[in-house]
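S.K.: Numbering (this note's numbering), first residue to last: 1419 to 1506.
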Amino acid sequence: HYSAPAADLNVLDEKVWSRTVTRDADGALTVGGITVARLAEEFGTPAYFLDESDFRARCRAWADAFGPDADVFYAGKAFLSRAVVRWL
């Protein structure tokens, strides 16, 4: 899916970012209410941060969109970790 460059680079495109990614009052990027700076301080960089509640909500939305007779699968090659496997 192609997205044209945003007119305002501070706007977070919901097609790209987790629904729980926001900017706090100081403009700092947050994931699930925790600043990315704090996450980087605690876990180091580079790192991938996924919000479990958003991940699960998107999985449910896919399953609901196709109905009860369809099986929806996660493409592990997109990103697979022990945490993601537990969520599935």
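The C-beta atom is built at its ideal place from N, Cα and C for all residues, glycine as well.
Since the structure is predicted, the reported quantities are computational estimates derived from the model, not experimental observations.
Mind checking which residues open and close the beta strand (DSSP E) that includes L1447?
M.R.: 1447-1449
S.K.: Looking only at its chain, what residues have a beta carbon closer than 8 Å to the beta carbon of N1428, apart from the 5 residues adjacent to it on each side?
M.R.: Answer for N1428: R1441, G1445, listed in chain order.
S.K.: How big is the Cα-Cα spacing for R1478 and F1461?
M.R.: Approximately 29 Å between the Cα atoms of the pair.
S.K.: For T1463 versus G1450, is the C-beta distance shorter than 8 Å?
M.R.: no
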